[in-house]
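*Asks:* One structure, pasted below without further comment.
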Amino acid sequence: VGISRMFITGVSPVTMDDVTSGFNIGENISLYPAFNEILGLNKQNVIEMLTYYHEQGVTLPDLNSLSALMNVWYGNYRFSKNAKTDLFNTDMVLYFLKNLIRLGTIPDEMIDPNVKVDYEKLRHLIVLDRRLNGNFSHLKTIIETGGITSKIAQSFPLEDLIKPKNFISLLYYFGLLTQEKDEKLIVPNRTVLNLMYEYFRNAYEDVDVFTIDLWHFANLIRNMAYQGDWQPVFQFLADEVDKQTAIRDFLSGEKVIQTFLLAYLNVADYYISRTEVEMGKGFVDLYLEPFFPKYEEIKYAYLIELKYITQSKFTSKVLQEQVKEAKNQLRQYAADPRVVKGNRGVNLISIMLIFRGWELVHCEEVK
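Position one of the sequence shown corresponds to residue 180 (the numbering used here), numbered consecutively onward.
This is the structure we're talking about:
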């Protein structure tokens, strides 16, 4: 008796190229909107799971707050540009709930090790002959802007894997990008963003561009969170950039420096780092919001305004103009009622960081 119908899952686009080349009646349904919800949990599913355990006597925090937290870390997936429903990653949701039920609190590690795409799987695609290639530039763009515009390739041969359009498609199939609309692919959630920061740091270290003691730096961030001791954090990075000259070629432009800072500030998870947040009729460059669900005793939150002056345009007059502008902006942001309410009464510190090219030339707390 022959096989009349076959349904295959878990096929990579590279394997798909081989499968379809000798299997010419196959149909790839991966991007069809009708099958979107096969691939995850919707919001109602998550609420029902939380409600079930609550009714069974499991002590849980506020269900709406839990659902919102899980959405930030594990949600916002769409697997077709025409899909109408956002999804949660099933593995991440079950990991979170398992720890919540066992421990009575959220996990120490918000990211399940099982969902991590190992850096080694991407390494040969972004590093060529000990140098960062064009795919690293795409990765950097995705981190800087939160996404990229590209078509998704349904299949491609192994030898074409390194091509940029296929690299971006591979990030999608790995779950590191998801569909928004048209051909816009975005970073879905905080878990993926933190993984991308990790790849960013690994790539710099891999080609000997920039390497720091991450354990020591994480302790500096802890002191920043609990003691308000912020100067050593930025001075440490500035000193390392001064010593490790190879990184300087990569630090040109305010957005680039912002991404660089974010990649290292997220070594520790005391804060949810937000960029370009609307506050006080403006947009703050960096807002370090305490991760209260995990660290209830954090004492300090931070607003950070970055200014970048090119080497050729730098003068003391230009510097003072930027200092004045940053002070006005930070005072405006800090007065926003939403910031005051969101920080739950912790100390809010406003900081300006002014760069001349790669060099940090001025840092100051604004009151």
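All C-beta atoms in this analysis are idealised placements derived from N, C-alpha and C, irrespective of residue type, glycine included.
Flag this pair as yes or no: are the beta carbons of L304 and F353 separated by less than 8 Å?
*Replies:* Here residue 304 refers to the residue found at position 125 of the sequence shown. Here residue 353 refers to the residue found at position 174 of the sequence shown. Not a contact, by the Cβ cut-off of 8 Å.
*Asks:* Give the DSSP-derived three-state secondary structure of D464 in the structure shown.
*Replies:* For the purposes of this step, residue 464 is taken as the residue at position 285 of the sequence shown. Strand, per DSSP.
*Asks:* Out of K478, Y479, L539 and V456, state which residue places its alpha-carbon closest to the alpha-carbon of Y512.
*Replies:* As a position in the sequence shown, residue 512 is number 333, starting the count at 1. Of the candidates K478, Y479, L539 and V456, the one whose C-alpha sits nearest the C-alpha of Y512 is V456.
*Asks:* Could you give the C-beta distance for A505 and M531, rounded to a whole number, given that I count them as a contact under 8 Å?
*Replies:* By 1-based counting over the sequence shown, the position of residue 505 is 326. By 1-based counting over the sequence shown, the position of residue 531 is 352. Indeed, because the Cβ distance is near 4 Å, the residues count as touching under 8 Å.
*Asks:* Alpha carbon to alpha carbon, how far is H541 from F534?
*Replies:* For this step, residue 541 is matched to residue 362 along the sequence shown. For this step, residue 534 is matched to residue 355 along the sequence shown. The straight-line gap from Cα to Cα measures roughly 7 Å.
*Asks:* Does the distance from the C-beta atom of D192 to that of S329 stay below 8 Å?
*Replies:* Within the sequence shown, the letter at position 13 stands for residue 192. Within the sequence shown, the letter at position 150 stands for residue 329. The sequence shown places Pro at residue 192, not Asp. Not a contact, by the Cβ cut-off of 8 Å.
*Asks:* Give the DSSP-derived three-state secondary structure of A513 in the structure shown.
*Replies:* Numbered from 1 along the sequence shown, position 334 holds the residue referred to as residue 513. The answer is helix: DSSP assigns A513 an H, G or I state.
*Asks:* Do the region 390 to 408 and the region 282 to 291 make contact, defined as three or more Cβ pairs closer than 8 Å?
*Replies:* Contact between the region 390 to 408 and the region 282 to 291 is absent, because fewer than three Cβ pairs lie under 8 Å.
*Asks:* Can you tell me which residues form a DSSP beta bridge with S529?
*Replies:* Residue numbering aside, residue 529 sits at position 350 when the sequence shown is read from its first letter. Answer is L482 and V545, bridged to S529.
*Asks:* Going by the DSSP bridge assignment, what does V456 pair with across the sheet?
*Replies:* Here residue 456 is taken as the residue at index 277 of the sequence shown, counted from 1. V456 pairs with V463.
*Asks:* Going by DSSP, what residues sit across from V306 in a beta bridge?
*Replies:* Stepping through the sequence shown from its first residue, residue 306 is reached at position 127. According to DSSP, V306 bridges with L311.
*Asks:* Can you find at least 3 beta carbon pairs, one from the region 365 to 383 and one from the region 310 to 325, that sit closer than 8 Å?
*Replies:* Yes, since at least three Cβ pairs between the region 365 to 383 and the region 310 to 325 fall closer than 8 Å, the two stretches touch.
*Asks:* Quick check: the Cα distance between K342 and Q333, rounded to an integer number of angstroms?
*Replies:* Taking the sequence shown and counting its residues from 1, the one referred to as residue 342 is at position 163. Taking the sequence shown and counting its residues from 1, the one referred to as residue 333 is at position 154. K342 and Q333: Cα-Cα distance of roughly 14 Å.
*Asks:* Looking only at C-alpha atoms, which of V518, L441 and K300 sits nearest to G461?
*Replies:* If you number the sequence shown from 1, residue 461 lands on position 282. Among V518, L441 and K300, the Cα nearest to that of G461 is on V518.
*Asks:* My output table needs one value for Q437: the three-state DSSP class, helix, strand or coil.
*Replies:* As a position in the sequence shown, residue 437 is number 258, starting the count at 1. In the structure shown, Q437 sits in a helix (DSSP, three-state: H, G or I).
*Asks:* Straight-line CA distance for Q406 to Y479?
*Replies:* In the sequence shown, counting from the first residue as 1, residue 406 sits at position 227. In the sequence shown, counting from the first residue as 1, residue 479 sits at position 300. If I take the Cα positions, the gap works out to 7 Å.
*Asks:* Pairs of beta-carbons, one from the region 257 to 268 and one from the region 475 to 490, closer than 8 Å: are there three or more?
*Replies:* Result no; under three Cβ-Cβ pairs closer than 8 Å.
*Asks:* Under the DSSP definition of a beta bridge, which residues are partnered with T357?
*Replies:* What you label residue 357 is simply residue 178 of the sequence shown in a count that begins at 1. DSSP output for T357 lists I365 as bridge partner(s).
*Asks:* Between the C-alpha atoms of E476 and T494, what's the straight-line distance to the nearest angstrom?
*Replies:* By 1-based counting over the sequence shown, the position of residue 476 is 297. By 1-based counting over the sequence shown, the position of residue 494 is 315. If you take the alpha carbons of E476 and T494, they lie about 42 Å apart.
*Asks:* Thinking just about the alpha-carbon of each residue, which of E544, K546, N243 and R302 is nearest to the one in D385?
*Replies:* On the sequence shown, residue 385 is found 206 positions in, with the first residue counted as 1. For the residues E544, K546, N243 and R302, the minimum Cα distance to D385 belongs to R302.
*Asks:* Measuring CA to CA, which of G283, D418 and L399 is closest to D448?
*Replies:* Position 269 of the sequence shown holds residue 448. Answer by Cα proximity: L399.
*Asks:* Give the range of the alpha helix (DSSP H) segment to which T489 is assigned.
*Replies:* Taking the sequence shown and counting its residues from 1, the one referred to as residue 489 is at position 310. Run containing T489: none; DSSP gives neither H nor E here.
*Asks:* Is V525 closer than 8 Å to P472 when the C-beta atoms are compared?
*Replies:* Working through the sequence shown from its first residue, we reach residue 472 at position 293. Working through the sequence shown from its first residue, we reach residue 525 at position 346. No.
*Asks:* What is the DSSP secondary structure of T188, counted as helix, strand or coil?
*Replies:* Counting from 1 along the sequence shown, the entry for residue 188 is found at position 9. It is coil, neither helix nor strand.
*Asks:* For the alpha helix (DSSP H) that I280 lies in, which residues bound it at each end?
*Replies:* Translated into positions along the sequence shown, residue 280 becomes position 101. Looking at the DSSP string, the run of the alpha helix (DSSP H) that includes I280 is T269 to L282.
*Asks:* Could you pull out every residue in the same chain whose Cβ sits closer than 7 Å to the Cβ of K260, ignoring the five residues on either side in sequence?
*Replies:* On the sequence shown, residue 260 is found 81 positions in, with the first residue counted as 1. The residues are Q358, K360 and D361.
*Asks:* Considering only C-alpha positions, which residue in the set A442, P367 and T424 is nearest to Y256?
*Replies:* Taking the sequence shown and counting its residues from 1, one reaches residue 256 at position 77. Out of A442, P367 and T424, P367 has the C-alpha closest to the C-alpha of Y256.
*Asks:* Would you say V294 and L220 are within 8 Å of each other, going by their C-beta atoms?
*Replies:* The residue you call residue 294 lines up with position 115 of the sequence shown. The residue you call residue 220 lines up with position 41 of the sequence shown. Not in contact: V294 and L220 (Cβ atoms no closer than 8 Å).
*Asks:* E544 and Q508 - do their beta-carbons sit closer together than 8 Å?
*Replies:* On the sequence shown, position 329 is the one that residue 508 refers to. On the sequence shown, position 365 is the one that residue 544 refers to. Not a contact, by the Cβ cut-off of 8 Å.
*Asks:* Tell me the DSSP bridge mates of L539?
*Replies:* The count along the sequence shown starts at 1 and reaches residue 539 at position 360. According to DSSP, which records beta bridges pairwise, L539 is partnered with F534.
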